[in-house]
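*Asks:*
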């Protein structure tokens, strides 16, 4: 079949938009591991684990296939999967706008508005289910409209109906909030079925039944959850927390019983007690739309909303029935999270609303072109002027502002540095790290995605019950690897907390702090801090770790810094690195007298160091830049030869 030239051009432009958006998102991709939900979605598809509710089986299975791409790290590949899905959304959005009869400039403009919206952009560059969510939503809207157009042409078209029903069912297996489209689809289908009532009702019933079966068929993917749970089993339970939970393979939100599995599949623990707060919409929604699109584009979207209501009342009902519940749920969920003192990116659940609003932006732009074309009597001039206005509006919103994903990219680099240093420590085999689940997903990524220290366990949350259970049943070392926040306020009273590099070792008070063997070098600073000695480790080629062992002789600030300098024989500085004296995770800002602690420097060395290289240190207060002096009055203290 040969497509008309206008149709071929439409597909070419859609492909160009897809490729250009994919290039943009790839260029700004989060470069590596992340925390929270994104952290688990970077490794769980590869090992076919069970993430937080509701399981997201479609994402896991498609992510498993994608994870085998032979490029980059696993984290980078899974971030790239989001870029691919987001780019597909942009291409489908353009096709939908063109199929609605909007002009080229309006269709491109609507796609560009979503492409550059910060809320959409953020989820286009990091592993998560939301980019696939918008891709399936755009596909469903496109297919339902395709069915409607076929009926308008007088065709008895059931194949597009079946396709749309299948994709709608498929969307429910990726994210439960895809259900927001169901009331809209039901109303849309009922509005069109009146055309068939005068015909063969038995054929109508048969075709509706086929559509219903195709809609329900993807739901079989949810069988993955109980089957995988049964295949994995709880693992070793002898140490308290099950091994598969402690290794990040199975979420803590599911157990091996029917009620738990049903609660997991329905997301009961996440939505219980959540009441829609419609009254927040008039205040919060305009602010969120302006934040993503800018004031000019938001006004254009408002104009398009009115035109859509006037010109396409039937499809407006479909879009509004999707837009309002999605926006209400997103705003309500963000408010409920804020009420317990936590924060959530508003775009997390607003992406369907942003997609719909982009359609209205395109309609608004299209409605401006018509009077311009009538005034100039030249459609090309009118479209060029509209495109210039669009670019001006987009530029005024984004020009000079920070790249929407810059903070996430920097955070990813910091996460890699942190866990690379922790996993390079000579931690005892089978030791455990404790922290909050969201902080530990990056650790599990390193275990499963890069095969780093698979012997270590992760115990969460860092509360007294979990800590007591681990120490009593395992007898193995336990380290705090993240902030306590409001957990375990009595931890310091019941256990010995020893700053251990960037970690904090937790041990019963009767267990002494056993430092590794040291080269003795005793120096007292300001009569409050005594250096006991140092030790060098070589965790890998070109890498060195310098361990400094101390104990406090008087109360000392946790936030002091230590500057390590490597000097050549002529006194020139070959390398300098500054770091904290004590771990930031130590729960008190003041270290008590008599506390042992370790400072660890993770060093990337030059290819060659002179044989006479000497290590020296300076202890100082970063708030004032004032150094601490040794008993001999020295600011700079020499440790000895660095080999």
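Residue numbers (this note's numbering): 508 to 1150.
No residue lacks a Cβ here, since even glycine has one placed at the ideal position from N, Cα and C.
Taking the beta carbon of residue 562 as the centre, do at least 16 other beta carbons fall within 10 Å, making it buried, or is it exposed?
*Replies:* Buried is the call here.
*Asks:* Would you kindly report the start and end of the unbroken alpha helix (DSSP H) that includes residue 986?
*Replies:* No alpha helix (DSSP H) holds residue 986; the beta strand (DSSP E) holding it covers 985 to 987.
*Asks:* By a C-beta neighbour count over all protein chains shown, 10 Å radius and 16 as the cutoff for buried, is residue 782 buried or exposed?
*Replies:* Counting Cβ neighbours within 10 Å, residue 782 comes out exposed, since fewer than 16 surround it.
*Asks:* What are the partner residues of residue 1084, as DSSP defines its beta bridges?
*Replies:* DSSP output for residue 1084 lists 1071 as bridge partner(s).
*Asks:* Count the other C-beta atoms from every protein chain shown that fall within 10 angstroms of the C-beta of residue 652, then say buried if there are 16 or more, exposed otherwise.
*Replies:* Residue 652 should be labelled buried.
*Asks:* From residue 526 to residue 1099, what does the alpha carbon distance come to, in whole angstroms?
*Replies:* Computed Cα separation, rounded: 59 Å.
*Asks:* Check each candidate in 627, 746, 1009, 1030 and name the one with the smallest Cα separation from residue 1066.
*Replies:* The shortest Cα separation from residue 1066 among 627, 746, 1009, 1030 belongs to 1009.
*Asks:* The alpha helix (DSSP H) spanning residue 690 covers which residue range?
*Replies:* Per DSSP, residue 690 belongs to the alpha helix (DSSP H) from 688 to 700.
*Asks:* Output yes or no for whether 8 Å exceeds the beta carbon distance between residue 592 and residue 656.
*Replies:* Contact: no.
*Asks:* From 697, 800, 642, 594, pick the residue whose C-alpha is nearest to that of residue 674; which is it?
*Replies:* Comparing Cα positions, the closest option is 642.
*Asks:* What do you reckon, are the CB atoms on residue 865 and residue 620 nearer than 8 Å?
*Replies:* In this structure, residue 620 lies closer than 8 Å to residue 865 by Cβ.
*Asks:* For residue 590 and residue 1148, what's the separation of their Cα atoms in angstroms?
*Replies:* C-alpha separation (whole angstroms): 50 Å.
*Asks:* Please name the residue, chosen from 765, 616, 536, that lies closest to residue 893 on a Cα-to-Cα basis.
*Replies:* Comparing Cα positions, the closest option is 616.
*Asks:* With C-beta atoms as the reference, is residue 1110 less than 8 Å away from residue 1038?
*Replies:* In this structure, residue 1038 does not lie closer than 8 Å to residue 1110 by Cβ.
*Asks:* Is the beta carbon of residue 912 sitting closer than 8 Å to the one on residue 537?
*Replies:* Yes. Within cutoff.
*Asks:* Any contact of the stretch 941 to 954 with the stretch 531 to 547, i.e. 3+ C-beta pairs under 8 Å?
*Replies:* Touching, yes.
*Asks:* Quick check on the DSSP output: the beta strand (DSSP E) that includes residue 1035 runs from which residue to which?
*Replies:* Premise fails: residue 1035 is in no beta strand (DSSP E) and is neither H nor E.
*Asks:* Go ahead and pull the three-state DSSP assignment for residue 509.
*Replies:* With a pLDDT of only 46 at residue 509, under 50, the local geometry of the prediction cannot be trusted, and the value read off the model is given with reservation. Coil.
*Asks:* Throw me the rounded Cβ distance for the residue 676 and residue 726 pair, which I believe falls under 8 Å.
*Replies:* About 6 Å; that satisfies the 8 Å criterion.
*Asks:* Going by C-alpha distance, which of 747, 745, 755, 738 is nearest residue 763?
*Replies:* Taking only the C-alpha atoms, the option nearest residue 763 is 738.
*Asks:* Given that a residue counts as buried once 16 or more other Cβ atoms are within 10 Å of its Cβ, and exposed if not, what is residue 508?
*Replies:* Confidence is the limiting factor: at residue 508 the pLDDT is only 41, short of 50, which leaves the residue's position unreliable and the question unanswerable from this model.
*Asks:* Report buried or exposed for residue 1125, applying the criterion of at least 16 other Cβ atoms within 10 angstroms of its Cβ.
*Replies:* Residue 1125 comes out buried.
*Asks:* What residue range does the alpha helix (DSSP H) around residue 542 cover?
*Replies:* Per DSSP, residue 542 belongs to no alpha helix (DSSP H) and is neither H nor E.
*Asks:* Who does residue 1108 pair with in a DSSP beta bridge?
*Replies:* According to DSSP, which records beta bridges pairwise, residue 1108 is partnered with 1053.
*Asks:* For residue 1070, verify whether its CB is less than 7 Å away from any heavy atom of the ligand NAP.
*Replies:* Ligands are entirely absent from the displayed structure, and the ligand NAP is therefore not among its contents.
*Asks:* Can you find the residues in the same chain that come closer than 6 Å, C-beta to C-beta, to residue 552, ignoring five residues on each side of it along the sequence?
*Replies:* For residue 552, where only same-chain residues beyond five positions count, the Cβ hits under 6 Å are 567, 570, 571, 574.
*Asks:* If we count the other Cβ atoms within 10 Å of its Cβ and call it buried at 16 or more, is residue 980 buried or exposed?
*Replies:* By the neighbour-count rule (16 or more Cβ atoms within 10 Å), residue 980 is not buried but exposed.
*Asks:* Quick check on residue 1083: buried or exposed, where buried means 16 or more other Cβ atoms within 10 Å of its Cβ?
*Replies:* Under this definition residue 1083 is an exposed residue.
*Asks:* Checking the sheet assignment: what are the DSSP bridge partners for residue 1040?
*Replies:* The partner list for residue 1040 (beta bridge, DSSP) reads 1027, 1056.
*Asks:* Report buried or exposed for residue 898, applying the criterion of at least 16 other Cβ atoms within 10 angstroms of its Cβ.
*Replies:* By the neighbour-count rule (16 or more Cβ atoms within 10 Å), residue 898 is not buried but exposed.
*Asks:* Evaluate the contact criterion for the stretch 1126 to 1137 versus the stretch 1099 to 1108: three or more CB pairs, one atom per stretch, below 8 Å.
*Replies:* The stretch 1126 to 1137 vs the stretch 1099 to 1108: no contact.
*Asks:* By how many angstroms is the C-alpha of residue 1094 removed from the C-alpha of residue 999?
*Replies:* Distance between the alpha carbons of residue 999 and residue 1094: 8 Å.
*Asks:* Would you report the Cα separation of residue 991 and residue 765, rounded to the nearest angstrom?
*Replies:* Approximately 33 Å between the Cα atoms of the pair.
*Asks:* Using C-beta distances below 8 Å, list every residue in its chain close to residue 957, excluding the 5 sequence neighbours before and after it, in chain order.
*Replies:* Answer for residue 957: 580, 581, listed in chain order.
*Asks:* Around the Cβ of residue 954, are there at least 16 other Cβ atoms within 10 angstroms (buried) or fewer (exposed)?
*Replies:* Classification of residue 954: buried, given that the 10 Å Cβ count is 16 or more.
*Asks:* When you compare the stretch 790 to 810 with the stretch 861 to 880, are there three or more beta-carbon pairs, one atom per stretch, that lie closer than 8 Å?
*Replies:* Contact between the stretch 790 to 810 and the stretch 861 to 880 is present, because at least three Cβ pairs lie under 8 Å.
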